[in-house]
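Engineer: Residue numbers (the UniProt record's numbering): 15 to 557.
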Ligand code: TNX
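1. Could you tell me whether the segment 215-234 touches the segment 181-200, using the rule of 3 or more Cβ pairs below 8 angstroms?
2. Give the C-beta separation of residue 491 and residue 172 to the nearest angstrom, bearing in mind that I take them to be a contact with Cβ-Cβ under 8 angstroms.
3. Given a threshold of 16 other Cβ atoms within 10 Å of its Cβ, counted over all protein chains shown, does residue 28 qualify as buried or as exposed?
4. Between the alpha carbons of residue 545 and residue 274, how many angstroms are there, rounded?
5. Spatial neighbours of residue 555 within its chain, please: CB distance less than 7 angstroms, with the 5 preceding and 5 following residues excluded, ordered by chain position.
6. Buried or exposed: where does residue 267 fall if 16 or more other Cβ atoms within 10 Å of its Cβ makes it buried?
7. Apply the 10 Å Cβ neighbour rule to residue 394 and answer buried if 16 or more other Cβ atoms are within range, or exposed otherwise.
8. Given that a residue counts as buried once 16 or more other Cβ atoms are within 10 Å of its Cβ, and exposed if not, what is residue 552?
9. If you draw a straight line from the alpha carbon of residue 318 to that of residue 42, how long is it in whole angstroms?
10. How is residue 222 classed by DSSP in three states: helix, strand or coil?
11. Within 10 angstroms of its Cβ, does residue 3 collect 16 or more other Cβ (buried), or is it exposed?
12. Closer than 7 angstroms to a non-hydrogen atom of the ligand TNX - does that hold for the CB of residue 470?
13. Can you tell me where the alpha helix (DSSP H) with residue 134 in it begins and where it stops?
14. Exposed or buried, which one is residue 557 when buried takes at least 16 other CB atoms within 10 Å?
15. Check whether the Cβ atoms of residue 39 and residue 96 lie closer than 8 angstroms to each other.
16. Just tell me which of 104, 315, 259, 128 has its CA closest to the CA of residue 98.
17. So residue 350 is in the alpha helix (DSSP H); what residue range does that whole segment cover?
18. At what residues does the beta strand (DSSP E) containing residue 258 begin and finish?
19. Does the ligand TNX have a heavy atom nearer than 7 angstroms to the CB of residue 457?
20. CA-CA distance, residue 75 and residue 142?
21. For a test of the three-state rule: what should DSSP assign to residue 265, helix, strand or coil?
22. Kindly list the residues whose CB is nearer than 7 angstroms to the CB of residue 278, restricted to its own chain and excluding five residues on each side of it in sequence; keep chain order.
23. I'd like to confirm the pairing. Which residues does DSSP put opposite residue 124 in its beta bridges?
24. Among 401, 231, 111, which has the Cα closest to the Cα of residue 289?
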């Protein structure tokens with residue numbers, strides 16, 4: 015397979031540090047510098063926020079309270095020995111720059127970057143070094159000079175909060191994980207067949223009725239405007255942008271329970287035979303009331319996500335709808351988003367519509383129908399579903415090339431590499447956990463190992479991509495059909511999430527598994543201190 019070429023001057027890493035993602039440039043030096051509770055940070059006032067965040071996080075990661083004022087110097091200074099990121103920023107801030115430098119010398123630690131955000135990323139690297147080297151209240155850091163910056167500007171996680179409702183506190187834990195791995199987008203999948211999670215004051219039944227649902231008999235819920243404001247601010251403090259998804263025209267069964275007048279005359283589903291079914295109905299583009307509804311929703315939701323330059327309109331799996339209606343719907347919905355000053359992102363199926371060059375298409379369907387039958391553990395799909403799936407996968411092959419032809423950029427989220435709702439192939443050293451593992455993840459995808467998660471490259475992963483410039487970014491996705499609560503969620507997120515970050519950020523694309531596994535093992539002290547659950551894979555020597 016063709017491999018991403020390092021930019022000129024980016025060497026093969028001669029040695030590593032307990033950091034994920036791996037930094038672009040790293041030079042070891044002789045000596046060490048020791049941080050203790052009497053150490054602290056010297057910084058100009060404009061960096062007070064990232065520094066305060068760092069001090070708080072260092073304590074949460076490992077219990078080291080930096081109560082002094084010297085040892086770490088932080089400043090604004092340019093970084094240009096690594097190239098700027100490719101791709102698009104979810105907050106639309108074209109002037110943003112996440113590059114940073116980090117130097118550990120015998121005389122002290124220095125972190126610098128051209129912007130507070132760059133400095134924040136550098137301090138995040140320092141957090142990882144401290145927690146991996148912390149022993150008896152002191153972090154003995156080996157001397158090194160690091161210069162680093164992201165390969166892609168949009169590095170995210172799509173989180174399904176519908177099939178299982180995750181409370182604001184649970185979402186904050188996920189944001190903490192994203193921040194530790196320099197991921198900067200939380201894509202919230204707020205609506206689906208089973209529920210609705212956001213307030214629309216002009217449409218009270220969405221929260222009074224639709225929000226009560228979740229998959230099966232799980233509890234429903236929604237985020238109030240205040241809760242969302244707090245979540246968005248919590249994320250922003252960690253330089254994470256929250257992008258809202260309103261999934262339409264399909265995946266709208268919950269809307270139809272709240273507003274039956276929007277439902278098509280005939281409701282159709284495919285029974286899966288295990289008590290669940292796939293609804294085939296969608297919002298109909300030919301009816302004026304559909305568009306009043308969509309406008310009501312956009313007008314209420316957009317202001318709740320001020321940092322996001324984008325609105326995700328879904329567009330996936332409209333299996334009960336004609337291609338023509340799908341295209342009509344997508345084009346009109348995209349126009350309404352643009353009219354409101356936001357850019358459009360949607361699942362790959364939107365590439366079948368006429369798009370603008372500012373639109374972003376999220377590619378996911380890299381499945382091969384012939385291979386899907388190869389997983390012996392997978393349930394046999396009902397007869398009725400087979401032609402529907404075959405048709406969906408056949409059309410999906412053209413989506414990425416169509417998007418690129420139209421000048422749109424792609425977010426890379428292939429099921430094969432970035433769907434975290436695949437079962438874990440690695441067993442756990444913990445028997446209880448291993449039992450939970452057996453029920454987690456959708457079986458028809460087949461199980462994937464942690465090693466698998468780092469053995470690919472975004473540029474090589476989809477048809478039609480020739481260079482990193484065609485990619486907006488890299489986003490993992492976690493769907494929650496098999497996830498019943500926060501422990502399940504964390505067990506599928508960790509330790510996969512750092513692997514997605516490695517692919518999205520690092521310029522070192524040919525990940526070497528034993529070397530990566532060593533860095534991964536060194537993450538566990540911070541996870542333990544933060545009481546995050548992770549799959550204790552037998553393939554990794556956790557410390
Ligand atoms: C497909 S990915 C879906 C979701 C499911 C997911 C399960 C996408 C855009 N749609 O509705 O939850 O598969 O992995």
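Just so it is clear, CB atoms sit at the ideal spot from N, CA and C, and this is done for glycine as well.
Structural biologist: The structure says:
1. Under the Cβ criterion (8 angstroms, minimum of three pairs), the segment 215-234 does not count as touching the segment 181-200.
2. Taking the first residue of the chain shown as 1, we reach residue 491 at position 477. Taking the first residue of the chain shown as 1, we reach residue 172 at position 158. 4 angstroms between Cβ atoms; contact.
3. Your numbering for residue 28 matches position 14 in the chain shown. Confidence at residue 28 is low in this model, with a pLDDT of 49, below 50, so its placement is unreliable and the value that follows should be read with caution. Exposed is the call here.
4. As a position in the chain shown, residue 545 is number 531, starting the count at 1. As a position in the chain shown, residue 274 is number 260, starting the count at 1. Near 44 angstroms, if we compare the C-alpha coordinates of residue 274 and residue 545.
5. By 1-based counting over the chain shown, the position of residue 555 is 541. Around residue 555: 535.
6. By 1-based counting over the chain shown, the position of residue 267 is 253. By the 10 Å Cβ count, residue 267 comes out buried.
7. As a working note, residue 394 is residue 380 in the chain shown. Classification of residue 394: exposed, given that the 10 Å Cβ count is below 16.
8. As a position in the chain shown, residue 552 is number 538, starting the count at 1. Answer is exposed; the Cβ neighbour count stays below 16.
9. Looking up residue 318 in the chain shown gives position 304. Looking up residue 42 in the chain shown gives position 28. Rounded to the nearest angstrom, the two C-alpha atoms are 46 angstroms apart.
10. Along the chain shown, read from residue 1 onward, the residue named residue 222 stands at position 208. Helix at residue 222.
11. Here the chain has residues from 15 to 557 only, and residue 3 is not among them.
12. Looking up residue 470 in the chain shown gives position 456. No, since every heavy atom of the ligand TNX falls outside the 7 angstroms radius drawn around the Cβ of residue 470.
13. Numbered from 1 along the chain shown, position 120 holds the residue referred to as residue 134. Looking at the DSSP string, the run of the alpha helix (DSSP H) that includes residue 134 is 130-147.
14. On the chain shown, residue 557 is found 543 positions in, with the first residue counted as 1. With fewer than 16 Cβ atoms within 10 Å of its Cβ, residue 557 is classed as exposed.
15. The residue labelled residue 39 in the question sits at position 25 within the chain shown. The residue labelled residue 96 in the question sits at position 82 within the chain shown. Yes, these two residues count as a Cβ contact at 8 angstroms.
16. Indexing the chain shown from 1 puts residue 98 at position 84. It is 128.
17. Locating residue 350 in the chain shown gives position 336, counting from the first residue. That run of the alpha helix (DSSP H) goes 337-353.
18. As a working mapping, residue 258 is identified with position 244 in the chain shown. 255-262 is the extent of the beta strand (DSSP E) around residue 258.
19. To locate residue 457, count along the chain shown from 1; it is residue 443. Incorrect: residue 457 has no Cβ contact closer than 7 angstroms to the ligand TNX.
20. Residue numbering aside, residue 75 sits at position 61 when the chain shown is read from its first letter. Residue numbering aside, residue 142 sits at position 128 when the chain shown is read from its first letter. When rounded, the distance between both Cα atoms is 9 angstroms.
21. The residue given as residue 265 occupies position 251 in the chain shown. DSSP places residue 265 in coil when its eight states are reduced to three.
22. Here the question's residue 278 lines up with position 264 in the chain shown. Cβ within range, chain order: 295, 298.
23. Mapped onto the chain shown, residue 124 falls at position 110. 87, 117.
24. Indexing the chain shown from 1 puts residue 289 at position 275. Nearest option by C-alpha distance: 231.
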